[in-house]
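If you read the sequences in order, they're chains A and B. For what it's worth, UniProt numbering labels the leading residue of the first sequence as 1, then goes sequentially. For what it's worth, UniProt numbering labels the leading residue of the second sequence as 1, then goes sequentially. The C-beta atom is built at its ideal place from N, Cα and C for all residues, glycine as well. See structure below.
Number of protein chains: 2
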Amino acid sequence: MKQVILISGASSGFGALAARALAHAGHTVYASMRETTCRNAPQVAELLRYAAEHKVDLRTVELDVAASDSVEAGISSVIAECGRLDVVIHNAGHMSFGPAEAFTPEQFAQLYDINVLSTQRVNRAALPQLRKQGKGLVMWISSSSARGGTPPFLSPYFAAKAAMDSLAVSYAGELARWGIETSIIVPGAFTKGTNHFVHSGAPADQLRAAEYNDGPYAGVAELALAGLAALEPADADAGSVAAAIVGVIGMPFGSRPFRTHVDPSQDGCEIVNGVADRVRSEMLRRIGLADLLHPKTIA
Amino acid sequence: MKQVILISGASSGFGALAARALAHAGHTVYASMRETTCRNAPQVAELLRYAAEHKVDLRTVELDVAASDSVEAGISSVIAECGRLDVVIHNAGHMSFGPAEAFTPEQFAQLYDINVLSTQRVNRAALPQLRKQGKGLVMWISSSSARGGTPPFLSPYFAAKAAMDSLAVSYAGELARWGIETSIIVPGAFTKGTNHFVHSGAPADQLRAAEYNDGPYAGVAELALAGLAALEPADADAGSVAAAIVGVIGMPFGSRPFRTHVDPSQDGCEIVNGVADRVRSEMLRRIGLADLLHPKTIA
Chain A
1 MKQVILISGA
11 SSGFGALAAR
21 ALAHAGHTVY
31 ASMRETTCRN
41 APQVAELLRY
51 AAEHKVDLRT
61 VELDVAASDS
71 VEAGISSVIA
81 ECGRLDVVIH
91 NAGHMSFGPA
101 EAFTPEQFAQ
111 LYDINVLSTQ
121 RVNRAALPQL
131 RKQGKGLVMW
141 ISSSSARGGT
151 PPFLSPYFAA
161 KAAMDSLAVS
171 YAGELARWGI
181 ETSIIVPGAF
191 TKGTNHFVHS
201 GAPADQLRAA
211 EYNDGPYAGV
221 AELALAGLAA
231 LEPADADAGS
241 VAAAIVGVIG
251 MPFGSRPFRT
261 HVDPSQDGCE
271 IVNGVADRVR
281 SEMLRRIGLA
291 DLLHPKTIA
Chain B
1 MKQVILISGA
11 SSGFGALAAR
21 ALAHAGHTVY
31 ASMRETTCRN
41 APQVAELLRY
51 AAEHKVDLRT
61 VELDVAASDS
71 VEAGISSVIA
81 ECGRLDVVIH
91 NAGHMSFGPA
101 EAFTPEQFAQ
111 LYDINVLSTQ
121 RVNRAALPQL
131 RKQGKGLVMW
141 ISSSSARGGT
151 PPFLSPYFAA
161 KAAMDSLAVS
171 YAGELARWGI
181 ETSIIVPGAF
191 TKGTNHFVHS
201 GAPADQLRAA
211 EYNDGPYAGV
221 AELALAGLAA
231 LEPADADAGS
241 VAAAIVGVIG
251 MPFGSRPFRT
261 HVDPSQDGCE
271 IVNGVADRVR
281 SEMLRRIGLA
291 DLLHPKTIA
């Protein structure tokens, strides 16, 4: 069934791939991003060209996940155009790389803003509509790092993604009775095929970073990145994440998996989440709230 | 062996209990907190009275974890007084309770600041000294919610504690080669014996909260809190967390457990962390960084 879908952070990476794949699957897709008229104007032009060439319903919308006003305006315009919004995909994110101690608290706050507060802004703008409809899907692009193996020097990003995954789980229970389904996609590390690693931020305190990189941690950055890349099979394809997103959205309401792992490197997250999600279910049953485990059918 | 210990958020809760217990065990303990001359002046007076009565080395120090200047001044004064700092305990934290959607992004940011950025401020002030010494212990008071069962309406807190736990794990590997040990204490929910739940913050968007509490989620807040309390054995004692902290700090350097769970309700966190910590070890071995699993002996 054709869905109206909004995806955040669709100028590049998983977001750009998923927007195209979802449009090909027949949905109305809003590829949202900031700076559509300046920095990302080429991405907008390319998306529209792609839509025309393939005759798919792929649109773009200005939406800066760091600013509540922009988020509200973007989502209002989608609802005004379509009269509804069926699926929200929390995809926007940013990475940083360096010794934890060398990042300022402000840098940690910025990473939390882009990776986590972003989703809260989008939720607060979109959920009233989804609740009014009595039906919808909130999809979260999490990270295997939240529960899997974690190499050094990615601490602000890992902390933010762990928080984002936790928030997804909290929202799942709090949206179920409104008829809103939750599905979490858990990609592993894809060191190729997106700009995620290339565009990662560096620590502001370069003196502190040098104490690590020129001291006992000399060579660790290179080892960590090479190690991550080596764990990845040669055929690892960032497109497989987009394919998983399309697959889950195509399933009937109420039957979608709570989590879908797409981790060619098999960093262990899937087994940890398997245990964690069972433990979550067990507690909700023990406290008499088992109905929160599945979205109610209303509309 | 007598240690110089700084603990954050020691005006109440686990922090206040642990400060006393550590002093009884023979350590020099700095119970740090903000507003030592105004709001928390009674807590300071009581700590000093307690120290005099029991003839233990329990001191207080002004340290507002929300302000880098205050953190730096507090830790500098400890180092100036003692010439060293052996143990840092990240304990400060704050909770909030209500539907996720009803918290503003700013409220999420505030909870992240108190529960996570606080630790980064303390680390950036304290770690240069610990690294210089070539020996030290960083202890994190995490939460079983980070990986265990999670009732509704605690999302900003759960997200922050998941991030804090992730940061603890990242730091563990990045401090090992400096001779700094990491130990994570994982308390379950103690609904009695501390003010953690009583003092929790409420959502700013009361209209949005009412849509949940007067709508499909009527009664859920009460069920969740009653359910949490019911899972707790009658003899659950917040003092057991302080006892665990004393026990771990008393162990020889290099032999302390990576995690210690103190969860009378058995919410499942311990089994999830067991798997997660194995998966972390496996990845560090696979990428050639197995030495980061244990603190190096230098000093």
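Under 9 Å from the C-beta of residue i: neighbouring residues of chain C
i, result
"B:S166", "Absent from the structure is chain C; the protein chains it does hold are A and B."
Cβ-Cβ separation, residue j to residue i (assumed contact under 8 Å), whole Å
i, j, result
"B:H196", "B:G9", "That pair is no contact at about 11 Å."
"B:I245", "B:I185", "6 Å"
"B:S32", "B:V61", "5 Å"
"B:S145", "A:F158", "About 18 Å separates the two Cβ atoms, so there is no contact after all."
"B:I89", "B:I180", "With a Cβ gap of about 14 Å, B:I89 and B:I180 do not count as contacting."
"B:R84", "B:S183", "About 19 Å separates the two Cβ atoms, so there is no contact after all."
"B:G268", "A:E282", "6 Å"
"B:P151", "A:E174", "Not a contact, Cβ separation roughly 11 Å."
"B:A112", "B:V78", "The identity of residue 112 of chain B in the sequence shown is Tyr, whereas the question assumes Ala. Between B:V78 and B:Y112 the Cβ distance is about 26 Å, and since that is not below 8 Å, they are no contact."
"A:A224", "A:P99", "The pair is not a contact, with the Cβ atoms about 11 Å apart (cut-off 8 Å)."
"B:A19", "B:L47", "7 Å"
"A:G227", "B:I287", "3 Å"
"B:A189", "B:L17", "About 16 Å; that fails the 8 Å criterion."
"A:N40", "A:S68", "Not really, about 20 Å apart at Cβ, beyond 8 Å."
"A:E232", "B:L127", "Their Cβ separation, rounded to whole angstroms, is 32 Å, which puts A:E232 and B:L127 out of contact at 8 Å."
Cross-strand partners of residue i (DSSP beta bridge)
i, result
"B:W140", "B:H90, B:I184"
"A:R259", "A:I184"
"A:M33", "A:E62"
"B:V4", "B:T28"
"A:S96", "A:G201"
Among the options, the one whose alpha carbon lies nearest that of residue i
i, options, result
"B:T191", "B:M95, B:E282, B:K132", "B:M95"
"A:T119", "A:G148, A:I75, A:S144", "A:I75"
"A:S70", "A:L58, A:A125, A:A45", "A:A125"
"A:E211", "B:H90, B:G83, B:R131", "B:R131"
"B:L58", "B:S281, B:W178, B:L231, B:K2", "B:K2"
"B:V87", "B:A226, B:F253, B:D64", "B:F253"
"B:A230", "A:L63, A:R285, A:D291", "A:R285"
"B:L63", "B:V122, B:R49, B:E101", "B:V122"
"A:I298", "A:W178, A:A226, A:N91", "A:W178"
"A:L293", "A:P187, A:E232, A:T260, A:A176", "A:A176"
"B:L289", "A:G149, A:F258, A:V198, A:P187", "A:G149"
"A:P216", "B:K296, B:P187, B:T28", "B:K296"
"A:T28", "A:A102, A:A66, A:P203, A:I7", "A:I7"
"B:C82", "B:G15, B:Q129, B:V44, B:A102", "B:Q129"
"A:G15", "A:D291, A:N273, A:H199, A:T194", "A:T194"
"A:L117", "A:G93, A:L127, A:Q133, A:E101", "A:G93"
"A:V198", "A:F97, A:D205, A:Q43, A:S68", "A:F97"
"B:A66", "B:P42, B:Q110, B:L154", "B:Q110"
"B:N273", "B:L207, B:R147, B:S155", "B:R147"
"B:P156", "B:D291, B:N115, B:R39", "B:N115"
query: Using a Cβ cut-off of 9 Å, which residues of the stretch 200-220 of chain A contact any Cβ in chain B, in chain order?
result: Close to chain B, meaning a Cβ-Cβ distance shorter than 9 Å, are the following residues of the stretch 200-220 of chain A: D205, R208, E211, Y212, G215, P216, Y217, V220.
**Request:** Please list the residues of the stretch 91-111 of chain A that have a C-beta atom closer than 7 Å to any C-beta atom in chain B, keeping them in chain order.
**Result:** Listed by position, the residues of the stretch 91-111 of chain A near chain B (Cβ gap below 7 Å) are P99, A100, E101, P105, F108, A109.
| said: Could you check whether the stretch 150-170 of chain A touches the stretch 155-173 of chain B, counting it as contact only if at least three pairs of C-beta atoms, one from each stretch, sit closer than 8 Å? | reply: By the Cβ test, the stretch 150-170 of chain A is in contact with the stretch 155-173 of chain B, since at least three Cβ pairs between them sit closer than 8 Å.
Contact the stretch 235-250 of chain A vs the stretch 260-274 of chain A: 3+ CB pairs below 8 Å: With the cut-off at 8 Å, the stretch 235-250 of chain A and the stretch 260-274 of chain A touch.
Item to complete: Taking a Cβ distance cut-off of 7 Å, strictly less, list which residues of the stretch 75-92 of chain B are near chain A, in chain order.
Response: Cβ contacts with chain A: none found.
Exercise. Identify each residue in the stretch 115-129 of chain B for which the Cβ-Cβ distance to at least one residue of chain A is less than 7 Å, and report them in chain order.
Key: Close to chain A, meaning a Cβ-Cβ distance shorter than 7 Å, are the following residues of the stretch 115-129 of chain B: V116, L117, Q120, R121, N123, R124, L127.
> Given 8 Å as the limit, is there contact between the stretch 216-225 of chain B and the stretch 273-280 of chain A, that is, 3 or more CB pairs closer than that?
Replying inline: When C-beta atoms of the stretch 216-225 of chain B are compared with those of the stretch 273-280 of chain A, fewer than three pairs fall below 8 Å, so the two segments do not count as touching.
Chain A contacts made by the stretch 257-272 of chain B, where a contact means CB separation under 7 Å: Correct list: D267, G268, I271, V272.
Can you confirm whether the stretch 129-142 of chain A touches the stretch 125-140 of chain B when touching is taken to mean that 3 or more C-beta pairs between the two stretches lie within less than 8 Å? At 8 Å Cβ cutoff, the stretches do not touch.
Tell me which residues of the stretch 276-293 of chain A have at least one Cβ-Cβ distance to chain B shorter than 9 Å, keeping chain order.
The residues in question are A276, R278, V279, R280, S281, E282, M283, L284, R286, I287, G288, L289, L292.
Task: Three CB pairs or more closer than 8 Å across the stretch 102-116 of chain B and the stretch 19-39 of chain B - done: No: the two stretches stay apart, fewer than three of their Cβ pairs being nearer than 8 Å.
Quiz item: With contact counted as at least three CB pairs below 8 Å, one residue from each stretch, are the stretch 19-28 of chain A and the stretch 46-55 of chain A in contact?
Solution: With a cut-off of 8 Å, the stretch 46-55 of chain A and the stretch 19-28 of chain A count as touching, because enough Cβ pairs lie within range.
Contact set between the stretch 222-233 of chain A and chain B, restricted to residues whose Cβ is under 9 Å from the partner: Cβ contacts with chain B: L223, A224, A226, G227, L228, A230, L231.
message = By the 8 Å beta-carbon criterion, what residues does the stretch 170-183 of chain A contribute toward chain B?
response = Correct list: S170, Y171, G173, E174, R177, W178.
What residues from the stretch 56-71 of chain A come within 8 Å of chain B, judged by C-beta to C-beta, listed N to C? Listed in sequence order: S68.
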